[in-house]
Each structure stands twice: as structure tokens, then as C-alpha cells.
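Residue numbers (the numbering used here): 13 to 270.
For every residue, glycine included, the Cβ atom is placed at its ideal position computed from N, Cα and C.
None of these values were measured; they are calculated from a predicted model.
Data first, discussion second: the structure below is written as C-alpha cells.
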């Protein structure tokens, strides 16, 4: 991993391959860049691919601060500029897809296109109510139990058991102040509907069949949206069925002449 410092905070990233358009990969909450390794390995054969550990995650620094949208999306935009990426395709899983949308909305000169892999965008009121309760429980002594329960529910029966155990264990290693703040800021405070309305670049959403997003509403707000769906995998479909996800990404690049 390489590192660059933004205002004293180290941001870690991998930078491999060559070719345009470049892809900038963003992982989900309490994860790291290795959760997009199949995409890194596949696309770096013909593209430059940068996979970032978001602030607070992986090998990046984890200061005790508020992990809000402008800060995290600002990190992504800053790193993209520092590395000389010209209008990269920003691909994010889960939280990473929300960050990709925030980059498109807040820093419209950065991304040439965005991809969200089963990301929580424009959630239903019922899901928001559940998330408020869940985040409140994360602030109690039941933190590890609640986090384990939440992550364990993201898989289906046919998902790889060893991978499931590793992802849950890794989530518990991320500093608690990071995980709680990220969820508070991105699940409760960030307006994904407004960001979708502001998105002016091609946008691919790859659904895993979860209740993360009101896809019909997202399509109404963002006319540049295309929607795909994976089969036979849970929320971590980019790891479980990478051949499906990669094929949709490949086609998205071709059909949008990115």
C-alpha cells in the first residue's frame, strides 16, 4: 500500500495497471480495499485502478473526528487529483457507493461516471427507523454484539462461510469511533435523494436484492441511472459472484463510451 497525507491524515491506497478510463474503488463501512480485490485484479489488466482505504479504515489513519460526507468525499476527490486521475469511474460497494454519489454531487469535476454496488441510497422510512435504533445501540455496551448481528445478516445461505467469518471479524477491528460516526453521518445525515438529483454523470447501480434502496425513486431522481442485478449472492456480491459484477461493469464502460 502507498500513502499520501491530507492535512496530516494518512490515506492508504493501491495503484496498479494502466489505461483509460481509470477506476477508483471504494469499499464499504468497517471494511477495506481488499473487499474489491476481484475488481482490482480484473480491471487492472486494461485500466489503471486505484483502490483506496477510506479515512478510518484499513491502513489509513483514524483520527477521532466527525466522518461526514464533505470530509470523506473530499478525501476521494483530493486523492484523485493528487494521483492525476482524469475523470475516473468511481466504483463503490455499500458505503463506498454512497461516497461515489457524494463525489459526483459535491465535486462534479472529479468523476466521469459512478457505480454503486448494493449501496444504501434513498432508503425507505422503515429502514431509516431501523437504522436509527441500530446506531443508538452501537453506542451501548452491546456494540460488538450489534455489529456482529448486522454484518451476519448481510449474507445468504450459499455465500462462502469462511469469507463471511473473515468479513465479520474484520469489521470488529475497525475503531469503534469511526464506525459509529460514519454510520451516523452517512445513514442519518447525508441526503442521498438530493445527491442523486445533482448527479450528472452516467450511473450504474448493481442490486443484490437487498432492501437497501428504493430503486424506482432513485431512477426518477437520476435520469442517467442504469440498474443491474446479481443472482445467487448476498450483499458482498462483488466477492461472491465477481464474474457477474465485472461483466456489468465492463458493459457499462462500453455502452457509455467512458
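Legend entry - Unbroken stretches of the beta strand (DSSP E), 3 residues or longer, contained in the region 57-134: Counting only runs of 3 or more, we get 61-64, 101-105 and 125-129.
Inset, instruction - Following the continuous alpha helix (DSSP H) through residue 207, name the residue where it begins and the one where it ends. - result: Counting along the chain, the alpha helix (DSSP H) containing residue 207 begins and ends at 204-210.
Legend entry - Start and end residues, alpha helix (DSSP H) containing residue 149: Unbroken alpha helix (DSSP H) run through residue 149: 137-150.
Legend entry - DSSP bridge partner residues for residue 15 (one or two, in chain order): Its beta-bridge partners are 24.
Inset, instruction - Tell me where the alpha helix (DSSP H) around residue 266 begins and ends. - result: Per DSSP, the unbroken alpha helix (DSSP H) holding residue 266 starts and ends at 254-267.
Legend entry - Nearest neighbour of residue 61, chosen from 173, 80 and 38 [CA to CA]: Per the Cα distances, 38.
Inset, instruction - Check whether the Cβ atoms of residue 207 and residue 71 sit closer than 9 Å, and answer yes or no. - result: Going by C-beta atoms, residue 207 is not nearer than 9 Å to residue 71.
Inset, instruction - Out of 199, 20 and 28, state which residue places its alpha-carbon closest to the alpha-carbon of residue 13. - result: Ranking 199, 20 and 28 by Cα distance to residue 13 puts 28 first.
Legend entry - DSSP state of residue 180 mapped onto helix, strand, coil: Assigned with DSSP and collapsed to three states, residue 180 falls in helix.
Legend entry - Coil, strand or helix - residue 291 by DSSP: Only positions 13 to 270 of the chain appear in the structure, and residue 291 is not among them; the question remains open.
Legend entry - Cβ neighbours of residue 44 in the same chain (closer than 6 Å, five flanking residues each side left out): Setting aside the 5 residues that flank it on each side, residue 44 is surrounded in the same chain by 65, 69 and 70, each with a C-beta closer than 6 Å to its C-beta; the list follows chain order.
Legend entry - Minimum C-alpha distance to residue 186 - residue among 73, 145 and 147: When only C-alpha atoms are compared, the closest one is 73.
Inset, instruction - Evaluate contact between the region 105-120 and the region 208-219, counting only Cβ atoms and requiring at least three cross-stretch pairs below 8 Å. - result: Verdict: yes, contact present.
Legend entry - Residues near residue 248 in its chain [Cβ-Cβ closer than 6 Å; skip 5 each side]: When the five nearest sequence neighbours on each side are left out, no beta carbon in the same chain lies closer than 6 Å to the beta carbon of residue 248.
Inset, instruction - Answer yes or no: do residue 112 and residue 104 have a C-beta to C-beta separation smaller than 9 Å? - result: Between residue 112 and residue 104, the C-beta spacing is below 9 Å.
Legend entry - Residue nearest to residue 289 in terms of C-alpha spacing, selected from 169, 263, 80 and 33: For residue 289 there is no data in the structure shown, the boundaries of the chain being 13 and 270.
Inset, instruction - For residue 94, count neighbouring Cβ atoms within 10 angstroms of its own Cβ and tell me buried if that reaches 16, exposed if not. - result: Residue environment analysis places residue 94 among the exposed positions, since fewer than 16 neighbouring C-beta atoms fall within 10 angstroms of its C-beta.
Legend entry - Any 3 or more C-beta pairs closer than 8 Å across the region 170-183 and the region 144-155: No: the two stretches stay apart, fewer than three of their Cβ pairs being nearer than 8 Å.
Legend entry - Buried/exposed call for residue 177, threshold 16 Cβ in 10 Å: By the Cβ neighbour-count rule, residue 177 is exposed, with fewer than 16 other Cβ atoms within 10 Å of its own.
Legend entry - residue 186 - DSSP class collapsed to helix/strand/coil: Residue 186 falls in the coil class under three-state DSSP.
Inset, instruction - Return the chain-ordered list of same chain residues with a C-beta closer than 6 Å to the C-beta of residue 264, the five sequence neighbours on each side being excluded. - result: By the criterion of a C-beta distance shorter than 6 Å, residue 264 is surrounded in its chain by 216, once the five residues flanking it on both sides are discounted.
Inset, instruction - Compare the Cα-Cα distances from residue 194 to each of 82, 33 and 22 and report the closest residue. - result: Relative to residue 194, the option among 82, 33 and 22 whose CA is nearest is 82.
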